[in-house]
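Number 1399 in this note's numbering belongs to position 63 of the sequence shown; there are no gaps in the numbering.
For each residue, glycine too, the CB sits at the ideal point set by N, CA and C.
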Amino acid sequence: MLTKVAEFRAQPAALLFADYCTSQGLTVQLQLEGELTLLLADSAQLPQVEALLTEFIREPDHPRYQAAAWQQSNSVQLESSIRLPSKQLWRQLPLTLLLVVLTLAVYGWQQLDFRAAAQALLLTNNAELWRWLTPILLHFSLSHLVFNLAWWGLLGAKIERFSGSGFLLQLTLSSAVISNGLQLALAGPNFGGLSGVVYALVGYCYLSDVLSGRQRYQLGHGLFGFMLLWLLLGFFDLLWVNMANWAHLGGLGCGLLWAWLSRDRRHQ
């Protein structure tokens, strides 16, 4: 007989804990109920599950939980489907998905009428306040688009899960304004791309892990070093593409500052 043990607002956390329970030989099941994910356990194993839950609440970022998730490959039974329904995914990652959709839509617009898209979105009139944000939606090649959306999808989703949509929105808006403003001031208005925001996410995720001593975002020294090298190569004009170098630098600085200011923040 299964008994309800706990309710999770964040389904990824529920899946992570359930995978760990399964790796310990315990029988658990997850059930969707509105915006909540219920954890059910075998009544005979209730004390063991509750003890593990106490440990999980105290130290949710311990590597043993992620290791169990990889081992189990998310094999825990979730009512209806182990995969998130699209509506549920939109509830959990609304900002991450919204920016992807907007960026793809703008790229499609650029293919149909590049001049109109550029005139509408470039930072050519700083009195029109939306233009301080809209250059992040413009991309000038498919590789540029794919590179930026891959980083945004990876890191943006992690930040939104761990820290919430509100925090990701603050980080995105502030880094967009700072990176776009710096690029405008030092190089002019002919630029676009999500790269400044991406560098903010990179800086935030890397320094957050360094300051906390945890591997929540798992960016690693190697990837961070690669992004720094890419930034330096752009400044020395050693790449085959034109780079919005000041936007990258401004975004990186913004992300590092956010990580420092929120170093004592508890992510739910």
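Candidates the options: closest to residue i by CA position
| i | options | result |
| --- | --- | --- |
| I1472 | S1531, A1493 and A1377 | S1531 |
| Q1381 | C1357, K1494, L1592 and V1442 | C1357 |
| L1522 | W1582, Y1401 and T1439 | W1582 |
| L1585 | L1457, L1537 and L1338 | L1537 |
| Q1424 | P1348, V1385, D1573 and T1470 | P1348 |
| F1498 | Q1551, D1449 and G1524 | Q1551 |
| Y1553 | W1566, G1591, L1520 and K1494 | K1494 |
| L1366 | S1515, G1517 and K1340 | K1340 |
| G1361 | P1396, V1385 and L1338 | V1385 |
| L1592 | C1541, L1569, Q1447 and D1449 | C1541 |
| L1374 | Q1446, F1483, L1338 and L1448 | L1338 |
Straight-line gap, residue i to residue j (C-alpha atoms, nearest Å)
| i | j | result |
| --- | --- | --- |
| N1372 | L1351 | For the sequence presented, residue 1372 should be read as Leu rather than Asn. Cα to Cα, the separation comes out at about 12 Å. |
| N1462 | W1468 | 7 Å |
| G1587 | V1534 | 7 Å |
| R1345 | L1491 | 21 Å |
| A1342 | L1429 | 23 Å |
| A1354 | L1376 | 9 Å |
| P1525 | L1555 | 31 Å |
| S1479 | L1565 | 19 Å |
| S1359 | D1378 | 15 Å |
| V1412 | V1364 | In this prediction, V1412 scores a pLDDT of 44, lower than 50, which makes its location untrustworthy; the coordinate-derived value is nonetheless stated afterwards. Answer to the nearest angstrom: the Cα atoms are 7 Å apart. |
| P1399 | G1589 | 29 Å |
| E1464 | L1368 | 44 Å |
| W1487 | L1567 | 15 Å |
| L1481 | R1427 | 25 Å |
| S1477 | Q1402 | 36 Å |
| G1570 | G1444 | 27 Å |
| S1510 | L1543 | 17 Å |
| L1489 | D1573 | Rather than Leu, the amino acid found at residue 1489 in this sequence is Gly. Straight-line Cα distance between these residues: approximately 28 Å. |
| P1396 | E1496 | 16 Å |
| A1512 | P1383 | 49 Å |
heavy atom of the ligand NAP below 7 Å from residue i C-beta
| i | result |
| --- | --- |
| F1392 | Ligands displayed in this structure: none; no statement on the ligand NAP is therefore possible. |
Anticipated Cβ contact below 8 Å, residue i with residue j, distance rounded
| i | j | result |
| --- | --- | --- |
| A1454 | V1442 | Not confirmed; about 10 Å, so no contact. |
| G1539 | A1580 | At roughly 16 Å, the Cβ-Cβ gap does not stay under 8 Å, so G1539 and A1580 are not in contact. |
| L1474 | L1485 | The pair is not a contact, with the Cβ atoms about 13 Å apart (cut-off 8 Å). |
| L1431 | S1515 | The Cβ separation is near 18 Å, so there is no contact. |
| L1520 | L1440 | Incorrect: roughly 25 Å between the Cβ atoms, too far for contact. |
Residue-chain proximity (residue i, chain D), Cβ-Cβ < 8 Å
| i | result |
| --- | --- |
| G1587 | Absence of chain D from the displayed structure is noted, only one protein chain being present. |
- Query: When the Cβ atoms of the region 1497-1510 are set against those of the region 1558-1571, are three or more pairs found closer than 8 Å?
  - Reply: no
- Query: Counting Cβ pairs, one atom from each stretch, are 3 or more of them under 8 Å apart for the region 1434-1451 and the region 1388-1404?
  - Reply: no
- Item | Uninterrupted alpha helix (DSSP H) stretches inside the region 1458-1526 (no shorter than 4 residues) | 1478-1487, 1493-1499 and 1501-1523
- Item | Touching by the beta-carbon criterion (3+ pairs, under 8 Å), the region 1588-1601 and the region 1547-1556 | yes
- Run through the region 1379-1407 for me and flag every whole alpha helix (DSSP H) of 4 or more residues, listed as ranges in chain order. 1382-1394
- Task: Mind listing, in chain order, the continuous alpha helix (DSSP H) runs of no fewer than 4 residues lying wholly within the region 1524-1552?
- Result: 1531-1548
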